[in-house]
Amino acid sequence: MEVVIKRDYGQMSKAAAQLVVDVLNTKPNAVLGMATGSTPLGLYQELVRLHQAGQVDFSRVTTFNLDEYVGLPANHPQSYHYFMHEHFFQHVNIPRHNINIPSGTTSNYPAFCQWYERRIEECGGIDLQILGIGSDGHIAFNEPGSSLSSRTRLKTLSKQTIDDNARFFDAREDVPVYAITMGVGTILDARKLVLVASGKTKAKAIAQAVEGPVTSMVTASALQLHRDASVLVDEEAAAGLTMRDYYEFIYAAKPAAPRA
Ligand code: F6R
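Its first residue numbered 197, the sequence shown is counted upward by one per residue in the numbering used here.
Rendered as structure tokens:
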């Protein structure tokens with residue numbers, strides 16, 4: 197696992213965006229896995245900026261989002277459909293039919309989940325998956341106890357996640373209790389993983405995910421099983437890491453990515 201520590205949120209977001217651009221430079225029709233939440237906002241802003249400056253083209257890109265709240269229609273301001281449209285899709289040139297987001301309103305969740313998995317496969321698998329991390333160590337909505345080989349399915353949100361996400365809703369009671377989410381196994385199938393984390397509320401989860409044991413109680417620790425995972429953190433999120441000097445030494449010696 198590569199650990200990259202950046203001075204602040206802005207630097208971290210730029211470095212993460214660069215990893216996406218590196219993939220698109222070698223594979224313009226890449227399949228990207230998208231995350232929502234407050235952390236990847238800076239990454240999306242940077243990708244939009246680069247696109248508007250003519251430096252990155254998304255016209256052949258396909259996307260798959262990690263998750264969606266059950267019960268929220270696409271036009272609900274807190275739905276992940278809405279989030280992605282607002283913060284990313286409306287600003288770049290990804291063909292509409294190439295955008296895939298789990299449905300929060302399907303009448304048949306098991307069938308939808310199977311279809312979503314099949315669709316990822318049909319598109320050739322995910323080349324780069326963007327991830328955030330919950331303060332309970334989750335990736336996507338794979339809450340503590342989720343099987344490390346889980347696939348796309350319905351998941352009950354943990355009390356911690358409901359508390360954390362209440363900031364986006366008018367009242368805690370409005371936070372949906374269920375989500376449809378890619379599984380940890382689905383995520384591990386992506387060819388490259390890029391996890392971003394910022395702020396001191398993430399320091400413990402990052403330390404557990406990067407330096408703790410691989411455990412379903414911290415599903416982000418499953419990144420240790422992946423052969424191309426990058427964890428990008430700012431100073432505050434890095435605060436609990438004990439091997440910091442080593443990560444910085446490795447990163448400083450890293451050669452630049454090749455361009456197509
Ligand atoms: C959202 C997702 C979640 C978030 C995580 C952190 O698509 O997959 O795992 O990445 O809850 O959210 P923020 O960035 O809001 O702290």
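Cβ atoms here follow ideal geometry from the backbone N, Cα and C, with glycine treated the same way.
Out of curiosity, what's the CA-to-CA distance linking Gln209 and Leu215?
-> A small correction: the amino acid at residue 209 is Ser; Gln does not occupy that position in the sequence shown. So the alpha carbons of these two residues sit roughly 10 Å apart.
Can we count Asn337 as close to ligand 1, meaning its CB is less than 7 Å from some heavy atom?
-> Checking the sequence shown, residue 337 turns out to be Phe, not Asn. The answer is yes for Phe337.
According to the Cβ coordinates, are Val392 and Met197 closer than 8 Å?
-> For the 8 Å CB-CB criterion, Val392 and Met197 do not form a contact.
Whose C-alpha, out of His422, Tyr312, Asn225, is nearest the C-alpha of Arg387?
-> Considering only alpha carbons, the answer is His422.
Between which two residues does the alpha helix (DSSP H) carrying Gln251 extend?
-> Run containing Gln251: none; DSSP gives neither H nor E here.
Compare the Cα-Cα distances from Ile201 to each of Ala399, Pro454, Ala453, Met413 and report the closest residue.
-> Among Ala399, Pro454, Ala453, Met413, the Cα nearest to that of Ile201 is on Ala399.
Give the range of the beta strand (DSSP E) segment to which Glu198 is assigned.
-> Where Glu198 is concerned, the enclosing beta strand (DSSP E) starts and stops at 198-202.
For Lys355, is the classification buried or exposed, using 16 other Cβ atoms within 10 angstroms of its Cβ as the cut-off for buried?
-> By the 16-neighbour rule on beta-carbons within 10 angstroms, Lys355 is exposed.
Is Glu432 near Arg203, with beta carbons less than 8 Å apart?
-> Not a contact, by the Cβ cut-off of 8 Å.
Output the residue ranges of the beta strand (DSSP E) runs that lie fully inside the stretch 262-317 and measure 3 residues or longer, sorted by chain position.
-> Runs of the beta strand (DSSP E) inside the stretch 262-317: 263-265.
Would you say Gly320 and Gln404 are within 8 Å of each other, going by their C-beta atoms?
-> It is not a contact, given that the beta carbons lie outside the stated cut-off.
Who are the Cβ neighbours of Val266 in its own chain at under 7 Å, not counting the five residues just before and after it?
-> Taken in chain order, the residues that qualify are Gly300, Leu350, Pro372, Tyr374, Ala375, Ile376.
Just mark Met140 as buried or exposed, buried being the case when its beta carbon has 16 or more other beta carbons within 10 Å.
-> This structure does not reach residue 140, given that the chain is present from 197 up to 456, and the question cannot be answered.
Along the beta strand (DSSP E) that carries Asp430, what are the first and last residues, could you check?
-> Looking at the DSSP string, the run of the beta strand (DSSP E) that includes Asp430 is 425-430.
As assigned by DSSP and simplified to three states, the class of Arg440 | In this structure, Arg440 counts as helix in the three-state DSSP scheme.
If we count the other Cβ atoms within 10 Å of its Cβ and call it buried at 16 or more, is Pro236 buried or exposed?
-> When all chains shown are included, Pro236 counts as buried.
So, Phe284 versus Tyr312, is the Cβ gap smaller than 8 Å?
-> No. Outside cutoff.
Please look up how many angstroms separate the CB atoms of Val257 and Asn225, rounded, as I've assumed it's under 8 Å.
-> At roughly 7 Å, the Cβ-Cβ gap stays under 8 Å, so Val257 and Asn225 are in contact.
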